[in-house]
Each structure stands twice: as structure tokens, then as C-alpha cells.
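Enquirer: So that we are looking at the same thing, I have put the structure below in C-alpha cells.
Chains as they are written, first to last, in the working numbering: chain H, 1 to 416; chain E, 1001 to 1095; chain L, 2001 to 2188; chain W, 3001 to 3983.
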């Protein structure tokens, strides 16, 4: 069913009785060409692009809960391609370009809103680092814009310019950055994949891999065994647990990132703003809530919840740059489990087991990567070679030393 | 969270800094034949269990001791806390 | 005679202020010397401390009043501190001499700044910044602990039923004083 | 305006005092004890706001924090507080509230037109449209949607109020001071446990204040007052009113928000709210229950209220919510509302009971409509009549609705526990997995009647404190009777053809839930996300359960199979200001000041943040036109004669022990085994992953005594790593670490006249001649007649230089002395800018080069990394990709056209190549104008840079200024042979 204003009009006049389910609820078949484990954003996007770009539709997506129940359903919805390193920036720029055409591509309004993202800086050294980054972005074909404090004062007069502990010296804009309605991304990809024949199987948990002689031939699930020529793991947040079933240890730790939303408010913020002298980033949703987050709690956890010190730290960061939000009330907090990788960058790679592929390690930046992650993973699965923008996202890079460490924090995942 | 410090009693986890898996105590032998691979595994691979996890916490706003805390990563329940120095010795780091 | 003389000006020197039933002062000439017990030499170190001060280092988290007005604080397994009144910048030498090399000593006098808070509502004021349970049953007289208050590391010692000695880094003395004063003003 | 709806007698209000307030500018009066909601009702103001999507008129639905509808803007100017529930606002003199979310007046909202378009605005409509043309979403559709979304408005001014935080500890935290909570607190308090009893209301007692029930033969509210008096008299009990426990965190930590001055016209200089962290050993959740409505056609009109809330207004606030009020119920409790309304003299034309059963209470004169429901209502701005399933119409000005009661299980689920369904009360109750240490009592646990709640509160508290070793008191239990509480599941009136609201704030109707099912959004989380059900400011406290009951009906599953969405903190919203506490503005983080701070301030310094430190950046002199003038002068004078810089901020770590030397040899990548007493050595520290981490110098003062310096930024982190190495890696080394950063005021004295200056200060028994005290020497000395000091002959500037340290208390004075002693040499103080210029001129790496991404190999120090010893980082530093010959190397750069200015962050591109990431040759890390050379200079990393000296490449900066040509040169711009510093 194609969505349009006309369809809404017609349905509205006839009691909205004609709307059809957005996806089927199929039973799993005994065998597929490709089984994707994980019905989150990346898994669904992978299925969508496998079907649409590579013509592979004998594909199943296995989701242990409801589709979109992973981090696609619990993030702060920011999209951007403001990365520094060659291993990352072209990939994220590809992602941003895919976001820009996504809705027309899959006929679903995910409310891609390029409202801009601004990284504030508060010292000369930070400015130098952002200049380096902004130039890297432009060299990679992305957009970037450096603003000084006066420009920011004109554009965002509510920031604390006069009484700040760490004065705002300027910021790096990416005007094409912004936000997206996160759930709609999962739904749009699911709808697009489903309509092309992909089976999306909810409430189907993978309980083991069928690995013989170094080859993975399928999976065991709560709904029976499923054979597959290729098994594609895409379960960020649960990567450790799932890959342990294949006997693999990963360069990943699981951590929780909390996020928050305030009560709905009339428009306050034009775009996304991040604080440079503390942990705080914020945007305003179409519904009016200020959506914000900060640092991860910092300890290994699979519990999708965090603790108070980080909540307070994030609020302090918020009040430090925009003290006019003091009377806005925090309405709801949530926690998502992150695959924190050892250099802060992800993996889209084959494993040492034939037929078993791995996509994970997105840290707290997986949402923005959803389209490119799906696209590049589909490319890898279809062609058995990495997409040109994802060649460095290898599992063996810690052995070779070809690190992709944007923050320069080294092998301590909770610092990335 | 509250960490029951073996010497000082219950303390808010906010006084501590987290490092990671207590396996970081088991630093490999730099002269071993496979030292590079061993240091790779030591530095980069993690069990990352969903369940009890032995992990290193540093009491930075306290007595500056490193602790090995056994904590369940699914419930956050803490079942044991030891001084990392004792653990290191028991794992043969006295040499 | 040297051509130049140096004058001493510790950050909160002379501070002394009353708020309702509370008094906040910066103790004068507070000297602090850290004690590190050599590995394997702990017994000898404790013996030396005991003979010098009439008391050994207590268990971690406790302090004890010792000879000559000194207070011995145990901060960790191998670390302690002696606090005493001493005006000249040679506190470490004085302590080292008394301990005869059995203990590693480091002068900490200028590392810290001290505030003594006393009065019946001291605990209520501290409740706003101190995460520790300061109830009698949890933090008795002579108990000592390091913790964080308003983003500052603080060593807190209960010196009496209604009095607490707070030590924090000397470079942030102004912010530290501001934090304690604000707590008092918010509670009185 | 008179309080025409005020009931003559009764209630917990003080009729002897009037409180004047305004709503939308209209003057009204209330009494102490009123909430804004009760006062509005007393004045006959039923229309209070507008809904989110359809701008439907909204009144007051509840009498508590679960209120979805009666949201107002409270106060004005910078104090303006959006989305404030009128039902929880305590009335104060001068209170000013305005309604929100309408264009035009509240009564005639222009946006109400959206209501007419509702057939086209069903759940999720926006996902299906607004996609063409592409550009229109951001330019047209979205701005319109955004402008109409949101409810209240921020003032956009800094929050003028103060907030505080605090930490409280207890054996038992009792959450809720209703009957169960009071009984629990009494039991635990009498047993001697340290108890905190917290309640969100300003009057403890919970529903006892709203009911006409008796305990111990006295009215429930009086019993509550008496219980509170007893608790207040106990030293071991702390009663916290106006205090909401909003979150249950790990290990017995609870978040609690105390509203201290919100009920006052002015906070009087005190914090408005306090965010408490409660550390409890055990907790009893006695949070009561929340009534839920029944959905039927046009059930959202002002005047339609939850039945229990009606009782609250009548009994507690002595306000009549109407003059003629019908009751619609599926349970016995609704009948009690009819009884109480009737007793207050309100006309109750009918009780409509969905059950085909006899009345549980005999109410003579009130019509009982059995097995029926309300299908529709009339009255745009307030209900005027209701229509029943049999078609009969009853004129009313109020309708009390009771769909049963939901235990407030929220806090039991904050650690991902799931509630369990109980068929006998048709509600979710706390499940098996509670936050450790928590037990639940009373209505929150499904004990919905008074005697049961009292007994359970007492028994639960006793069980909890017994586990802690307390002996329960033998005091008699309070006596009361259980009221009738039978109910039958009934969620919505099927016969209604009109829209029937579930989420009244977000405008989610029964039809939306059914559409959600129809379109495949059947998981309860899909339902929420697709329809926005329960995402409003009340988080669906009244709406969620009926909605998921309807979804269960659609899917043919049971309600427990359908499940609930996840309950997450906070229980009720918490202001950002309270969460931040005092940490805002200049108090966001502490200031660390150097010992010469006041001196610098008095001598024209501009300061710069370095972590929490403030450092002098430069010292302006009269007549200087800008900072460059000052910095150039400081550099030139230092290089020509002598300059003084406060370097106290560098981390200093005192290292003692028999194994201190061996330890240093482990933690630095270069050799430290051979450092002699009286000598200083430069040390480079790697992370275990082989990346350069920090550098500094370490001096050996005695056999077993070293002093390490770290960079300012890494002082704390290096200390932490050293402790890790000491305790975890080499636990049997005798090494002891003490930070002495703040203890020593340290000054760099640099320049050709540095020694001459210091000779005037250093006591004469210390020979500081080049022969006796050569480059990289160190000593413990005395200055100014016996003051202990430390002297290091090290140089960051490349000049003949010393660093001299004195106890910090002498720091200010020392700065004076050094300047005075330097007067004959025209000594200058210099700040961090000049320091930076001189280190770039000398080619020293600093933070921009040691950025955590670079190796010793990159820095040109690869050979320092010893492969002959065990040290942190040396193994992994040898990974193949990290020691490639074509890796980037640190070089110096100068503009081909000397007038060009270099820009840090520029990237290098070879001549003739396109400026693309593929052609990237490296980047400029640090730049300065070198007054010594008269042009801009820079440091940077260039691929194979060590072999490309003399080559000209392009420094591109598309972000700002395009590009310039630069020459790759040695990083040592000044005195490459190092003759000056050895002079």
C-alpha cells in the first residue's frame, strides 16, 4: 500500500477502515539464503538493502522481541557525519546522504530533519581539534562550518555566554546534521523489506549457531532450527551474548547510555547542540520535548537502566550551557545497552567462521549509521567484500594496529 | 550504586572510577614468543559476560585502592569485593 | 641577611565566621604529613609511630589523638597522615626525625586547606554536600574518611560530637569555602 | 469573584484566611489548604486548558500528580513554569496562573479547528504523508507541526531560583504517608529504626484526607494528624513532606525531590527545591493507587472527573465539583463517591453501574441504572448532559467516573521488574522481582481497603526491620474496617460511536488503539510509540491500562499476556534545575587557582581555563594594542633576558620506596634505571596500547625518593594509572605515591639571565653554577634565608632555565620576590601563550601533539621506546601499522610567503593533488607567531615527514581561509643544537 496525502484523505472519509498491516507476521521457513539476527534498525536496514539493492529476498530477520525494540527504539535520534578519521568519515557521509533520500526511497515519513548540529568548543586546543575535524569533513565531501562566539550569540542567544565557568569560544556546525523520528526508521525499513518478500519474524530468539568444521550453517531459535547459507549477526547491545554462542570473544564491552526527555515545550531549540566542557547534548523533538543525553554510566552492564550520578552530571551540563532550562522538567529517562568497542569505532566484517558475519560495536553512535550500516552490511553479505567506505571496520584492526580512535582514548571502551 | 569497600564499608560508586574486566591484572609476559598476540588479547578481547563479572574499580575519592568487584551485569548485584592488590598477588603477580 | 624574605599566606588563613549556631574557621598552622608504610616494614613502621606518638595508626577510616596534640589518621592500608599544629615549613622534617626512617613521609601541609565546622546543626549543613552517613552510629567521633563534595575531594574527620574538620585541596580553597558556606546558608 | 462552589463546612482548609490569586488574569480567592485546582473549582472555573493535538477543552480530571489535563503556566517572567499540574500546586498569595496551548483565548482557541480534521489526523498519519516535495518537510510541514506541538513555554531566561542537593541515610525509607505508610513508619519508628517517611503531598495522610473513613474510632484524617505528631516526636524518624520519591536506583538508592518554597510567593533566598539522594537499607513502598477512567463517547469534557477525585474535592477541600453530578462506575468504590457527594448536598441524579448487580451501599433517593453505561456527553466547555446506553439523557454539570484502581507499581519496576496481574482486583500489582530491599504495602500492593492497608503497612515494616536486627514494637495496631471494593472489568463503552478518549492530553482514543492493531502495531510498545499513548506529561498514569485492555481484546490475548510498557524514572517530572543543583554558571565546576593568581590579577593578567585551573594567559601592559603585543613582548624579553611563569599546575607526584626506580622504569618507555640522585630525566609514558600518553620529567631527590611531573591535563589520570601499576601489575614493589601538585608553588625562570636572577634568591650555600648544577640537575635547597625549596634545571622554552618550587603558602610572595630580584634584568612574567609560543619555537610536543592518537614513532621519539625492558606499552607499540615508514611524523612548518598565517587544524595536500581525504598528507597541530623569527610557524604531522624536509606542500583550510603553501622544516626553530639551555 502506497502512502500519500490522497490516501489519508480517502481513508479519513471512510473511517480509516482500509489501512493494512504494515508488515506480515510470517512463521519462519526452514531455510533462507541469509538469516539476519536482530530486528533493530541495522538489521532491518540490511534486509531492506539486500532486497532492494542486491535483489536478495530469500532473507529472514529474526527478532527476539518486537521489531525495533533495540537501540533504534531508545536513542536520541541524532544524525550527523562530523567524524575526523578516514576509516569513519566517508562511511558516515554515505549514511547522511542515504538519510537525505530515505523517505522518498521507502515511502515512509521518518521526519528526517536537517536542523543542524553544533559542537561547542571552549578552549583554543578544542578549536584546533574542531578545525582539523571540520576540514577533514569537507575533504570527505561533507559540510562543516566554523562559528565564533559572536556568531553563536546571534544565532543561539539563550546559551550562557556571560556567566559560564567554561566560556563558549565558538562551535563547529554541520548544517546537514539533525534528527530523525527513530521508531519510524525501523518501521519504514521493516515495511520496505517485508513488501519485497523478506520475512520479519518477531518473538524469535536465537539460542545457538550450527557451526561445523568452521562453517556456520544456520541457527537454533526459540521457534526451531533455521538453516542459512549466511548468518548475519546485527545485535548491537547484545553482541557479546550472541557471539559467545559462536565461541567468540569480541573487542567490545556492553555499557548503558541513559537518555532523557523533558515535558513538551513550545519551540526552544533550533537544532542539536553539544557541550564541549562536559557531557550534554540536546535537541528538541517535533512533539516539543527536549531530548538529551550525556556520558555512559561507565560500568559493564546489560541492564537497560542507569544510575543517578550520570543523570545529575548530564543535567549539570545542560544548566551550564543553557540555564533557561532550569524549569523544564525531566519527564522520562531510559537506558540503552551499547556495544562499546575498543577504539570507539564499529565493525562490519566476516568472522573467522565461514558464513558467519558480524556487525556491531557502534558505541552510542549507531543510530545515525543505520542506513549506511545496512547498506554496507548488505554489500558485504551479497558480494563478500566490504563496501569501499567500510574497509577499515575490521575485527583484526587491533592486531595490525590500524586503529580508528576518534577520541584518542585507547583500549578503554568506557572512555569512547 | 553502592560498593561495599572491604576496609571502609559501603561507599557510593560515584567515589570510584571504573576500569573494566579484572583480567587486566593478568598482564602477559613481554618476552614470550607470542607476546604481541598475548598483549592483543589482553588489551582488546573481553568476555563481557551477562552475569557475574569481576571488574576493577579505583577508589579515587577515597583511599586510592583498586578493588576487584564481583558484580552481576544483568542485575548490578555485588557479591564480592576484594583489594586488587590481594587478587594480583593470588594470581601470581608477586614475582 | 638575605636580600629577600618570603611571607606565608595560606589560602584561607584567618577565616573565622559564625552563622546562627554554627562556627566555621580555618585552623591556623595546621601541619599535615603523610605517612606511607614500607612494604614488609609495616610492623617496624607502626612501632616507630607508636614510640614517637604514643599511639599506632588506627585501622583505616579512623583517627586517634596522639602525643603533643597530634592526630594520627589512617587513610588506607599503607597510608596515613599525621596532623598537628606547626607554623614553619619543615613539618615533614620534624615528623621524619621522630620516625627515624621507618616510614616514608611527604609534606602535605600546603597541599590541603582546612575548615573546621562546629555547632549543633553542623551535620544538617554537611548533609547538603557530603555523601557519607554522618550519623553517630555510622561516623563516630574520630572517624575519618575521604570522599567528594561538590566535585572536590575532601578528607572529613569528626573531631567532636558537633565538630568536623574538613580538608580539601588548597588550589580550590575558594570554591571549597563557597561550597561549605552555601550549605550553611541553605540550612540555617 | 466569590467561591460559589465552596461547601459550607468541613474540609482541611482555613476559611479564616483568604488567598488572592489569578487565573488568566481573572482575580479569584481561595484558602490555605487549597490546591490551585480546588481553588479554581471553588470559583467555578472548570475549563483550564486545551489538549495537545485536537485542542479540545480540558478541565480537571484528578486531584493528584497523575493529572493529565489541568496543566497551567505558573508564575511569570523568568519564574514562569510551564506544564504545572494545578492539582498539585499549593495555593499561595498572589499566585498567577495562565492556561496554555491555545491561540486566542482559552475559551475560543483558533487551533480547535484541528478537532474538525480529526478523521485525517488519526494515529500515525504523519508517517504517511508530508514527503513530497522533499524540501517541503523542513521548510513548511515541520515548522508548522513544531509550532503547534509542545504545551507550555519556557521563559528563555536563566532560571532565577536556587536549587540544592543533599544526601540522607536511613534504615527504612517509607514512600507514601497514607494509611499503609503511616502504619509502616509508626511500626519501624517505634522499634528504633532510622526511618524516612516521604510524601509528595503537603498534608500527610494520603487518601485518609479525602475519605470519610474512621481509624481507632476517629476520622481518618484526624488519625493521620495524630500519627504524624507521634512520628514527629521520634528522633529517629524524619518526615519529609512535599517530597516525591521519583526513582529507585541500584543498591537501595532512591531519588527524592523536595519542593521547599514552591508553595511560597517568594523563596526568601533559600533553595526552591532539593534533590536528595536517599541511601536506604530497606524500603517500604506505600504509594497508594490511582483511579482509572472508563472510555466512552466524548468522555473528555470539563466536569467529567474521576470519582475518587470528586471525593477529594468534596471532603478535603470542601469544594463541590458541580451541582448535579452523576456517577458512572464498574465497582463499589464509585458508590462511595455518590454517597459522599450526596452527603455534601450535591444532587446525584443517578449511579450508572456497568454491573448488573444490586447496589453495595444503600443510597435512598439516588437512581441506580444497572448494567448500563454512558455513551455520549454534551457540552463544549463543560459537560451539560450525558446519554446512557439505553438512550436516556440526563442533564448534569458533572460526571464522576470510576473504572477501578491501579496500584502505583511504578517504583517496583524501575529496575526492570514486571508487574503481575491480579484478576480479583482487575489490576497490575507488583511482580516477583522488586528492587532489592524494597517491599510493598497497602493499596500499592493491591490491598485496596483501609483495614488491609493499615495491617499490611505495619506487618511489612516489621518484616523489613526485623531483617536488620530490630525488634518490632508491641504497640497496638490501628483498628479500622474494610470498605466494599468489588469490581468487574469494564474498560470502554462498546456502544459509543463517538470518539472515546484514553489519553486525554495526547488525544489518543479507542479508535486509535484499534487502528494501531489494524496496522500491525500490536506489541504494547508499538502501540505506545505509534499512537503516542502514555507519552504525555502524566506518562499515561490514568490512560495506559484501559488502552492495553482494549489492545488485549483486539489480539485475543489476556491483559497480562499483552503486558505493560516499561515504567522508568522519574515517577513524576523533575526540574532540570533541581537535577543540576548548585552546579551551574560559575559554580559549574570548582576553580583551581595558582599561588600567584592574585599577583597575576593585580598585574594585568588575562586568565584561561586549563581543566579546572585558571592560568595567566598573558600580562597586558599599558599601551599594548592587543594580546599579541603582550605575548610577543613576553617571548622576546624572556629570550633576551629572563621571564617568569607560574607552572604550579603541572602534576607533581612524590614517589618513594625501595623499588621506586624500578617502578619508574616500568611506567616510562625510556630507561630510568640509571638516573642518578640529583638528576632529572625527560620521560615519555605510553598507554598499554602503545600510544603516547603523557610526558614530563622525573627528578631523583634521594636514593628512594623521586618527584615526577605530569602535564596539567593528565595529572589525575597519570596518578590513577600509576596506582594501577603499583597495586595490580607489580603488587610487591615497595612504591608509594602521593600527589603534591597543590603543595608546591613552582615557577619557571627562563632566559639568559635566569641564573643571575636566581642567585639573588637562592641561599648562598647552594652553588647553582653551570658546573655545579648543570642542565638536568635537581636539588633540595633553601631560598630567602632558609625557606625550603626545590630547584630543577629543566627547560621548556629552550632557554637557560630553571624551575624553582617553594611551599605553596609562599607562592604569592615568591612571585613578588622573583620579580623584584629580576627588576635589574627587566624580568617579565609570562603566561601560557608565551609559554606555548616558546615551546613551538623549540619544537616540543604538547597536548595538540600528544592527543591520544599519536605514537612515539609519530612524534619522532620511536627510538626512545625501549625494547630491552618490560614497560607499559612497548609490546603493542610495535604493531605493523603503527611503525610504518610512511606514518605521519612530527615536523616544523613555515609559510612559503612569510606573511601568511598558519592555521592549526589545516590539512596537508601535496602540490597538484585534489584536496580530498584520499590525498590527505597530515594536519597542522600547533601554530604561533614567532616574534623571534618574525613570522608564523607551526608544528604538524606529515606522512613520512622526517624524510621530506625542504619540501613545499599545501596547508588547506577549506573551513575558513582556503589554502597556503608551507615548507616542511625541522621542528626546532630555535637553537637546534640546544646550546642555550646548557649555558
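Backbone N, C-alpha and C fix where the C-beta goes; we use that ideal spot for every residue, glycine too.
Along the beta strand (DSSP E) that carries residue 3512 of chain W, what are the first and last residues, could you check?
Expert: Position 512 of the fourth chain, counted from the start, is the residue given in the question as residue 3512 of chain W. No beta strand (DSSP E) contains residue 3512 of chain W, which is instead part of the alpha helix (DSSP H) from 3510-3518.
Enquirer: Who are the near neighbours of residue 295 of chain H in its chain, counting only those whose CB is closer than 7 Å to its CB and skipping five residues on each side?
Expert: Taking the first chain and counting its residues from 1, one reaches residue 295 of chain H at position 295. Once the five neighbours on either side are set aside, the close Cβ partners of residue 295 of chain H are 279, 310, 313.
Enquirer: Could you say if the region 3254-3273 of chain W and the region 3421-3432 of chain W meet the contact criterion of at least three C-beta pairs nearer than 8 Å?
Expert: These segments do not touch.
Enquirer: Could you tell me which uninterrupted alpha helix (DSSP H) segments, each at least 4 residues in length, are contained entirely in the region 205-277 of chain H, listed from first to last along the chain?
Expert: Listed in chain order, they are 239-244.
Enquirer: Measure from the alpha carbon of residue 160 of chain H to the alpha carbon of each residue in H/302, H/39, H/277, H/179, then state which is nearest.
Expert: Within the first chain, numbered from 1, the residue matching residue 160 of chain H stands at position 160. The shortest C-alpha separation from residue 160 of chain H is found at H/277.
Enquirer: What is the rounded straight-line gap between the Cα of residue 3655 of chain W and the Cα of residue 149 of chain H?
Expert: Residue numbering aside, residue 3655 of chain W sits at position 655 when the fourth chain is read from its first letter. Residue numbering aside, residue 149 of chain H sits at position 149 when the first chain is read from its first letter. C-alpha separation (whole angstroms): 44 Å.
Enquirer: Under a three-way DSSP split, which group does residue 3119 of chain W fall into?
Expert: As a working note, residue 3119 of chain W is residue 119 in the fourth chain. Helix.
Enquirer: Taking only three categories from DSSP, how would you classify residue 1053 of chain E?
Expert: Counted from its first residue, the second chain places residue 1053 of chain E at position 53. Three-state result, residue 1053 of chain E: strand.
Enquirer: What is the C-beta distance between residue 3580 of chain W and residue 263 of chain H, in whole angstroms, given that I count them as a contact (C-beta under 8 Å)?
Expert: For this step, residue 3580 of chain W is matched to residue 580 along the fourth chain. For this step, residue 263 of chain H is matched to residue 263 along the first chain. Contact doesn't hold; Cβ gap of about 17 Å is too wide.
Enquirer: Which bits of chain W does residue 108 of chain H rub up against, with CB to CB less than 9 Å?
Expert: For this step, residue 108 of chain H is matched to residue 108 along the first chain. Chain W residues near residue 108 of chain H: 3127, 3128, 3131.
Enquirer: With 16 other CB atoms within 10 Å as the buried threshold, where does residue 52 of chain H fall?
Expert: Along the first chain, one-based indexing puts residue 52 of chain H at 52. Buried, because 16 or more other Cβ atoms sit within 10 Å of the Cβ of residue 52 of chain H.
Enquirer: Determine whether the beta carbon atoms of residue 66 of chain H and residue 3526 of chain W lie at a separation below 8 Å.
Expert: Counting from one through the first chain, the residue named residue 66 of chain H turns up at place 66. Counting from one through the fourth chain, the residue named residue 3526 of chain W turns up at place 526. Yes; because the gap between Cβ atoms is below 8 Å, this pair is in contact.
Enquirer: In whole angstroms, what separates the C-alpha of residue 3088 of chain W from that of residue 3065 of chain W?
Expert: As a working note, residue 3088 of chain W is residue 88 in the fourth chain. As a working note, residue 3065 of chain W is residue 65 in the fourth chain. Taking the straight line from one Cα to the other gives about 6 Å.
Enquirer: Which same chain residues end up closer than 8 Å to residue 113 of chain H when comparing Cβ atoms and leaving out the 5 residues on each side of it in sequence?
Expert: Within the first chain, the letter at position 113 stands for residue 113 of chain H. Taken in chain order, the residues that qualify are 178, 179, 180, 286.
Enquirer: Checking 8 Å against the spacing of the C-beta atoms, do residue 3731 of chain W and residue 1093 of chain E come in under that value?
Expert: What you label residue 3731 of chain W is simply residue 731 of the fourth chain in a count that begins at 1. What you label residue 1093 of chain E is simply residue 93 of the second chain in a count that begins at 1. A contact, by the Cβ cut-off of 8 Å.
Enquirer: Alpha carbons only, please: which of W/3704, W/3703, W/3741, W/3705 is nearest the one belonging to residue 3718 of chain W?
Expert: Translated into positions along the fourth chain, residue 3718 of chain W becomes position 718. Comparing Cα positions, the closest option is W/3741.
Enquirer: If you follow the alpha helix (DSSP H) that residue 319 of chain H is in, where does it begin and where does it stop?
Expert: Counting from 1 along the first chain, the entry for residue 319 of chain H is found at position 319. Note, residue 319 of chain H: alpha helix (DSSP H), 308-321.
Enquirer: How many angstroms separate the CA atom of residue 2123 of chain L from the CA atom of residue 3460 of chain W?
Expert: Your numbering for residue 2123 of chain L matches position 123 in the third chain. Your numbering for residue 3460 of chain W matches position 460 in the fourth chain. If you take the alpha carbons of residue 2123 of chain L and residue 3460 of chain W, they lie about 31 Å apart.
Enquirer: What three-state label does DSSP hand residue 1064 of chain E in the structure shown?
Expert: Your numbering for residue 1064 of chain E matches position 64 in the second chain. DSSP places residue 1064 of chain E in coil when its eight states are reduced to three.
Enquirer: Ignore the nearest five residues each way along the sequence and tell me which others in residue 98 of chain H's own chain have a CB closer than 7 Å to its CB.
Expert: In the first chain, residue 98 of chain H corresponds to position 98, counting from 1. The answer, listed in chain order, is 371, 372, 375.
Enquirer: Give me the residue from W/3265, W/3191, W/3764 with the minimum Cα distance to residue 3074 of chain W.
Expert: Taking the first residue of the fourth chain as position 1, residue 3074 of chain W is located at position 74. Closest by alpha carbon: W/3265.
Enquirer: Please identify, using Cβ separations under 9 Å, the residues of the region 3728-3746 of chain W that lie next to chain E, in order along the chain.
Expert: The region 3728-3746 of chain W vs chain E, Cβ under 9 Å: 3728, 3729, 3730, 3731, 3732, 3737.
Enquirer: Mind the definition here: the region 81-95 of chain H touches the region 244-256 of chain H only if three or more C-beta pairs lie below 8 Å; say whether that holds.
Expert: In short, these stretches do not touch, since the Cβ pair count stays below three.
Enquirer: With 8 Å as the threshold, decide whether the Cβ of residue 3164 of chain W is near any Cβ in chain L.
Expert: Position 164 of the fourth chain, counted from the start, is the residue given in the question as residue 3164 of chain W. Judged by the 8 Å Cβ criterion, residue 3164 of chain W is in contact with chain L.
Enquirer: Taking only beta carbons into account, state which residues of the region 273-304 of chain H come closer than 7 Å to chain E, listed in chain order.
Expert: If the cut-off is 7 Å between Cβ atoms, the region 273-304 of chain H has 298, 299, 300, 301, 302, 303 near chain E.
Enquirer: Roughly how many angstroms separate the alpha carbons of residue 3344 of chain W and residue 3316 of chain W, rounded to a whole number?
Expert: Locating residue 3344 of chain W in the fourth chain gives position 344, where the first residue counts as 1. Locating residue 3316 of chain W in the fourth chain gives position 316, where the first residue counts as 1. Those two C-alpha atoms are separated by around 12 Å.
Enquirer: Identify the contact partners of residue 2080 of chain L in chain E, using a Cβ-Cβ distance below 7 Å as the criterion.
Expert: Within the third chain, residue 2080 of chain L is the residue found at index 80, counting from 1. In chain order: nothing, as chain E lies at least about 11 Å away.
Enquirer: In the DSSP output, which residue or residues are listed as bridge partners for residue 3501 of chain W?
Expert: By one-based count along the fourth chain, residue 3501 of chain W stands at place 501. Residue 3501 of chain W pairs with W/3509.
Enquirer: Listing by chain order, which chain E residues have their CB less than 7 Å from the CB of residue 2075 of chain L?
Expert: One-based indexing of the third chain puts residue 2075 of chain L at position 75. Here the neighbours are 1063.
Enquirer: In whole angstroms, what is the alpha-carbon distance linking residue 1019 of chain E and residue 3103 of chain W?
Expert: The residue labelled residue 1019 of chain E in the question sits at position 19 within the second chain. The residue labelled residue 3103 of chain W in the question sits at position 103 within the fourth chain. Taking the straight line joining both Cα atoms gives about 54 Å.
Enquirer: With a threshold of 8 Å between beta-carbons, can residue 2959 of chain W be considered close to chain E, or not?
Expert: The displayed coordinates of chain W run from 3001 to 3983. Any statement about residue 2959 of chain W would go beyond what the structure contains.
Enquirer: Among W/3262, W/3667, W/3558, W/3014, which residue has its Cα nearest to the Cα of residue 3686 of chain W?
Expert: Your numbering for residue 3686 of chain W matches position 686 in the fourth chain. Of W/3262, W/3667, W/3558, W/3014, the residue nearest in Cα terms is W/3667.
Enquirer: Closer than 9 Å between beta carbons: that is the criterion. Which residues of the region 2026-2053 of chain L meet it against chain W?
Expert: Residues 2034, 2036, 2037, 2038, 2039, 2040, 2041.
Enquirer: With DSSP collapsed to three states, give me the class of residue 3423 of chain W.
Expert: Here residue 3423 of chain W refers to the residue found at position 423 when the fourth chain is read from its first residue. Here residue 3423 of chain W sits in coil by DSSP.
Enquirer: Can you pull the chain W neighbours of residue 1036 of chain E, defined as C-beta to C-beta under 8 Å?
Expert: Stepping through the second chain from its first residue, residue 1036 of chain E is reached at position 36. Neighbours of residue 1036 of chain E on chain W, chain order: 3875, 3876, 3878, 3879.
Enquirer: Let me confirm a value: residue 3528 of chain W is counted as buried when at least 16 other C-beta atoms fall within 10 Å, else exposed. Which label applies?
Expert: Translated into the one-based positions of the fourth chain, residue 3528 of chain W becomes position 528. Buried, because 16 or more other Cβ atoms sit within 10 Å of the Cβ of residue 3528 of chain W.
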